[in-house]
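Respectively, the protein sequence lines represent chains A and B. Position one of the first sequence corresponds to residue 2 (my numbering), numbered consecutively onward. Position one of the second sequence corresponds to residue 844 (my numbering), numbered consecutively onward. First the structure, in the form of structure tokens, and then the observations on it.
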Amino acid sequence: MNSAVMKKTMYFFVLPALLFYCIFWIFPILKLFQYSVTDYNGYVQNFNYVGFNNFKTLFQEEVLVTSIKNTLVYTAITVILGNIIALLLALLLNANIRAKGFYRSAFYIPTLFSAIVVGFIWSYVYMPQEGLIASFLAKIGLTNWDTNFLGSYSKALYSIIAVDIWKNIGTSVIIFLAGLQTVPHELLEAGKIDGAGKWKLFRFITLPMLATSVTINITLSVINGLKAFDFPFIMTNGGPGISTNTLIYAMYKMAFTDQLFGKASALGIISFAIIIAITIVCVLTLNKKEVSA
Amino acid sequence: MNWLKASPKYVVLTAVVLCTLFPVYWMLVIATQRDIFSKVSILPSSLTLEHVIDIFTKDNYMLPLANSFTITVTSLLIVLVFGLSSAYVLGRRTFRIAYKNTLLVWILLVRVLPPITFALPLYIMMNDAGLLSTKLPIILAHVLVNLPLVIWFMMAFFYSVPEEIEESARMDGASEFVIYSKVILPLVLPGIAAVTILSFMASWNEYLYSVIFIQSPGDFTIPLKLATLNSEQELTEWGKVASGGLVSVIPVLLTAVFMQKHLMNGLTAGAVKE
């Protein structure tokens, strides 16, 4: 058999998955475009085509801007802060440390819990009076701090983001550690002999060698951030007000609480566009960086 | 002196570990204490298994456990059957590059697009078909999100199998299916183990699709059951939710401990340039 040509029968191996996706993924997404120009409520089969009214209403409402802004803030902080902390921890662990395995496993434990359990633990941590942080602050005599973390317009979003970082940091640490283990020791020694300081060794030897793990970690956390739903849903219900609405949360609420499927679909189309744009930019920049490094 | 030099590292690491584990430890305390609000102390004062027993006897916790198990295992099996055979073909050297890029974009899209964009219309489809009272929609949803991961992950493993092995089996007159199932699959077992663990963990803890696609309390998965315990009554039953949460993490924890090597392989695959 000519190895450049695949046997026709081989296509049967891909067919099931392909069909599955056409029916349950591509078709629904096409339907989404249809629903976005209707006043469909999700229950009554009769609906009218209303043109771009859904989009017009969305652009007039505060919830669109707020949820886009929150999603971007959520993504930016989890990506930047989460990865910097993870990288620092990985660097610490990569040094000659005893019980390395213990620390690595300990960082990974929160990842094992489901979002609902994590949300539950942290609601307890954040409780205004009896919570862990509030009790701790009271014990050391700081009673005049505002400890209403999840009920405050200015603090709720950041409190949720902290939980997300706490939950996902273990995975990033493991990926960075694996990358660090590929940095050749001789290269670092050579750098040292040439008189490079710690920062220079890191900047010009370690970091470029880490390019692949950086790409993977950033991609994973961008995807995770853009899809943020669980913690706003579990911990704050998008509130107070709409201050912790993310795109996905806003869509969910429009569709299932307010029963505005048409409007939710329109919001779906908008976030579709935003998320694809961000992903393309990320992939392109990271690919370029990785190649040049 | 060496010890002194290294100690700041240990101080920092230990502090971070405390921040990481203290909330988890606190859950353990809540789960094993009779009345949490009367005496909040670092060490549990009255150890009790009352809450754990309660969730099984009073809240029928076995049912959501069984549901989660059914949904996770069924979707995992479907994902493996579809995903492995697709990855086998797509991971072959002879597969045309043009298709490969299309595939890459598709896999990326499934991962990055807001899950709700296909979940909303799928919900309507399932509602119209009268299937919302069954476990089928949630199993479908889990297959949809895990399939691309499996295909993407396994492609690299199939790629690393030398094509000569297939050729020689073909010479011996083995059919395509026999080559695939008897010759190739056993060679990529480590990859299958890794991706199975990752998909299992993702399915077991999944929340958003469960909220959308599971309607009848009889089908509730663990996360949904915990959510009702958390909100149904006016006063959250902290002890019950904490013990339910701890019980739910046991399967995942056991997998992570006993399959640690495969889990690590799964998490770091692709993180290292070869």
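Think of the CB as a built atom: it goes at the ideal place given N, C-alpha and C, for glycine as much as any other residue.
Check, Outcome
"Considering only DSSP beta bridges, list what leucine 890 of chain B is partnered with.", "B:Gln876"
"Residues of chain B with CB under 9 angstroms from serine 266 of chain A, in chain order?", "Thr960, Leu963 and Pro964"
"Does any CB atom of chain B fall closer than 8 angstroms to the CB of methionine 236 of chain A?", "no"
"Which two residues bound the contiguous alpha helix (DSSP H) that contains glutamate 63 of chain A?", "63-95"
"Please confirm if lysine 852 of chain B has its CB atom under 8 angstroms from at least one CB of chain A.", "yes"
"So what's tyrosine 50 of chain A in DSSP terms, helix, strand or just coil?", "strand"
"Find out if the Cβ-Cβ distance for the pair serine 1042 of chain B, valine 118 of chain A is shorter than 8 angstroms.", "no"
"Among A:Asn149, A:Gly196 and A:Cys283, which one has its Cα closest to the Cα of valine 323 of chain A?", "Residue 323 of chain A lies beyond the residue range present for chain A, which begins at 2 and ends at 294; the question has no answer from this structure."
"Please report how far the alpha carbon of valine 948 of chain B lies from the alpha carbon of valine 164 of chain A, in whole angstroms.", "31 angstroms"
"Which residues in chain A have a C-beta closer than 8 angstroms to the C-beta of valine 932 of chain B? List them in chain order.", "Met7, Met11, Tyr12, Phe14 and Val15"
"Give the interface partners of isoleucine 866 of chain B over in chain A, defined as CB-CB distance under 9 angstroms, in chain order.", "Looking at the sequence provided, one finds proline at residue 866 of chain B rather than isoleucine. Within chain A, the residues near proline 866 of chain B are Pro111, Val119, Ile122, Trp123, Tyr125, Val126, Leu133 and Trp167."
"Mind listing the chain A neighbours of serine 929 of chain B? Cutoff is C-beta to C-beta under 7 angstroms, in chain order.", "Phe14, Val15 and Ala18"
"For the alpha helix (DSSP H) containing valine 1092 of chain B, name the first residue and the last one.", "1081-1101"
"How close, in whole Å, do the beta carbons of serine 37 of chain A and asparagine 55 of chain A come, if the pair is a contact with beta carbons under 8 angstroms?", "6 angstroms"
"May I have the straight-line CA-CA distance separating glutamine 130 of chain A from glycine 242 of chain A, to the nearest angstrom?", "22 angstroms"
"For chain A, find out if any of its Cβ atoms is closer than 8 angstroms to the Cβ of phenylalanine 1101 of chain B; answer yes or no.", "no"
"Taking the beta carbon of alanine 930 of chain B as the centre, do at least 16 other beta carbons fall within 10 Å, making it buried, or is it exposed?", "buried"
"Anything in chain A within Cβ reach of phenylalanine 925 of chain B, meaning under 8 angstroms, just list it in chain order.", "Pro17, Ala18 and Phe21"
"Three-state secondary structure (DSSP) at threonine 247 of chain A?", "coil"
"What is the rounded straight-line gap between the Cα of valine 953 of chain B and the Cα of methionine 255 of chain A?", "22 angstroms"
"By a C-beta neighbour count over all protein chains shown, 10 Å radius and 16 as the cutoff for buried, is threonine 76 of chain A buried or exposed?", "buried"
"If the cut-off is 9 angstroms on Cβ atoms, which residues from the segment 1041-1053 of chain B count as contacting chain A, listed in chain order?", "Met1044, Trp1047, Asn1048, Glu1049, Tyr1050 and Leu1051"
"Flag this pair as yes or no: are the beta carbons of threonine 39 of chain A and phenylalanine 48 of chain A separated by less than 8 angstroms?", "yes"
"Below 7 angstroms on C-beta distance, what does proline 29 of chain A contact in chain B?", "Phe961, Pro964, Leu965 and Met968"
"Assuming contact is defined by CB atoms lying nearer than 8 angstroms, are isoleucine 1040 of chain B and threonine 1098 of chain B in contact in what I supplied?", "yes"
"In the DSSP assignment, the alpha helix (DSSP H) including lysine 193 of chain A goes from what residue to what residue?", "186-194"
"For a contact defined as C-beta to C-beta under 9 angstroms, what are the partners of tryptophan 200 of chain A on chain B?", "Simply none; closest approach about 17 angstroms."
"Hey, is phenylalanine 961 of chain B close to the ligand ATP, as in C-beta under 7 angstroms from one of its heavy atoms?", "Within the structure as shown, the ligand ATP is missing, as the structure has no ligands at all."
"Please name the residue or residues paired with threonine 39 of chain A in a DSSP beta bridge.", "A:Tyr50"
"Phenylalanine 925 of chain B: buried (16+ other C-beta within 10 angstroms of its C-beta) or exposed?", "buried"
"Does any C-beta atom of chain A lie closer than 8 angstroms to the C-beta of glycine 1109 of chain B?", "no"
"Any beta carbon of chain B sitting closer than 8 angstroms to that of glycine 43 of chain A?", "yes"
"Would you kindly work out how many angstroms separate the C-alpha atoms of glutamate 1077 of chain B and threonine 1071 of chain B, rounded to a whole number?", "At glutamate 1077 of chain B, the pLDDT of 49 sits below 50, so the modelled position is not reliable and the matter cannot be decided from this model."
"Taking the straight line between their C-alpha atoms, what separation do you get for glycine 132 of chain A and leucine 1028 of chain B?", "51 angstroms"
"So which residues on chain A does leucine 1096 of chain B lean against when the C-beta distance must stay under 7 angstroms?", "Leu113"
"Should leucine 227 of chain A be flagged as near chain B, meaning a C-beta pair shorter than 8 angstroms?", "yes"
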